[in-house]
Amino acid sequence: MITVFHGSDHIIKEPRYLGGKKDNDYGNGFYTTEYEERARSWATLNGDPEKSVVNEYTLALENLEVLDLNEKGVLAWIAEVVANRGINEENAAIVGEELVKRYRPNTTDADIVKGYRADDSYTQVIEAFLLNQINLYEVERLFYKGSLGNQIFLKSEKAFKEIHWQNAYQVALSEEDKKFDLYARREVSKFLAERMRSILLNGYEVPGITARYAVSHLLKYDKESGEYENAGI
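According to my numbering, the sequence shown is numbered sequentially starting from 912.
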């Protein structure tokens, strides 16, 4: 049994199965986090500041099938997000489609999916990767930089029977939170702009595992070392 939180603009005592949107990170379901401060931030940053609410729940995982994308590697996470959210930029979408074919994990039997949260404004990071402007480890570093946090996604109808509302309270975004969020976003945008400038003006070639490399090679993730190995062409 764990405690999870959900940031919203209202109290949600009974999360509803398939009551969300299909184009969220991991599809239609209910998104929670074990980190209360992240739920506070998500509630205040993404909704009406006058109606920001954190809901607290208990979630029994004992009888649920949990898929942890952090154990599958960053490519699996990117593929899952791209498959659900889609990509607007045409060239990035072409690469994204191939990446999904190769690295998207099978979530069919999963009741719960755990992994990074891809805030709307951070989808530019994924797009930059698909356009070969940054490498795989830079993707991971930029998401850590934004401190977007991990989320626990309730996917199956079975999972919704194991979550129980405990409490809710209204929250307000502090000035410190505002400054941190703005700083993180600006730093990410600045890094991506400088990288594009280096590529266009200086012919900089991105080292490491790029999207082009990932779709032209078969890469296998070793969760013990946290590294990818070349498993063949």
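Even glycine gets a Cβ: it sits at the ideal position worked out from N, Cα and C.
Treat the numbers as computed from the prediction; the structure is a model and nothing was measured.
Residue nearest to residue i in terms of C-alpha spacing, selected from the options
i	options	result
K875	A987, D936, R927, R1106	This structure cannot settle anything about residue 875, because the visible part of the chain is limited to 912 through 1144.
E948	G918, K932, F941	G918
V1036	W988, I1063, T943	W988
L1041	S963, L980, L972, N999	N999
A1125	L1112, K1134, N1141	N1141
L978	S952, R951, G997, R1015	R1015
D1133	L986, A971, S952, T955	L986
8 Å Cβ cutoff met for residue i and residue j
i	j	result
Y1027	N1002	no
V992	V1082	no
T1018	K1072	no
G1119	L1053	no
E973	F916	no
I1063	K1025	yes
According to DSSP, residues forming a beta bridge with residue i
i	result
I913	L970
Q1081	V964
Y1139	Y1132
V977	I1023
G1119	BP columns for G1119 are empty, so no partner.
For residue j and residue i, believed in contact at Cβ under 8 Å, the rounded distance
i	j	result
D1022	E976	5 Å
T969	Q1044	Between Q1044 and T969 the Cβ distance is about 42 Å, and since that is not below 8 Å, they are no contact.
Y1139	G984	7 Å
Coil, strand or helix - residue i by DSSP
i	result
I1074	strand
T1018	coil
G938	coil
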